[in-house]
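Here is the structure we will look at.
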Amino acid sequence: MTNFTLHTIDSADAAAKPLLQKSLDGFGMIPNLHAVMAEAPALLDGYQQLHALAQTTSFSKEELTVVWQTINVEHACHYCVPAHTAIAHSMKVDEAVTDALRNQTTLPTDKLEVLRDTTLAVVRERGVVEGVVLDNFYSAGYGQRQLLEIILVLSQKVMSNYVNHLADTPVDAPFQPFHWEAV
């Protein structure tokens with residue numbers, strides 16, 4: 213495993229400095245994921261843009277958490293599961309939702325369960341989703357917009373999950389109380 217630098221504003225490339233400042237302003241810290249991504253400023257910029265766009269989707273805060281965490285858990289991301297647990301807490305998402313996602317147990321509603329099933333199908337089948345999965349998704353009240361928004365969120369999570377696997381990104385102190393390991 214290669215040791216990746218956890219960049220600070222001082223150590224980062226000139227193109228990454230304003231991006232790290234944006235992280236500092238938005239989070240009150242530079243998350244270690246962003247510090248690693250600063251090695252490739254275009255990656256950090258793209259990640260920040262996708263994160264912002266994910267929050268403008270038609271998903272409720274619970275639904276967005278379902279999509280984020282379903283992907284994080286499926287990818288066994290040691291960093292993103294705790295980070296998104298903390299984010300879900302800050303968004304006041306019901307702990308029953310976050311616990312079910314982390315533990316891969318039944319979600320509180322059938323609609324959220326269908327969202328998780330569809331997200332998993334998109335991830336596992338690389339977008340070649342069976343008709344019955346789509347029928348269930350549409351029957352649950354979701355539409356083509358939400359199906360495409362899963363792709364947006366997946367794009368964001370591929371960036372972060374894969375970087376964290378490559379860099380073995382250390383979990384930041386604020387996220388450590390939400391430690392998680394794949395089962």
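When you read off a place in the sequence shown, starting at 1, and then add 212, the result is the number in my numbering. Just so it is clear, CB atoms sit at the ideal spot from N, CA and C, and this is done for glycine as well.
Distance between V370 and E393 (C-alpha atoms, nearest Å)
Taking the straight line from one Cα to the other gives about 18 Å.
Span separating the alpha-carbon of R191 from that of E275
With the chain running from 213 to 395 in the structure shown, residue 191 is simply not present.
Within 10 Å of its beta-carbon, does Q281 have 16 or more other beta-carbons around it, so buried, or fewer, so exposed?
buried
Please return the same chain residues whose Cβ sits closer than 7 Å to the Cβ of A379, not counting the five positions on each side in sequence.
F216, V248
When DSSP labels each residue in this structure, what does W280 get in the three-state scheme?
helix
Residue range of the unbroken alpha helix (DSSP H) whose run includes L255:
253 to 266
Among S302, G240, V305, T310, the one whose alpha carbon lies nearest that of V293
T310
Between A254 and F349, what straight-line distance do the alpha-carbon atoms span, to the nearest angstrom?
34 Å
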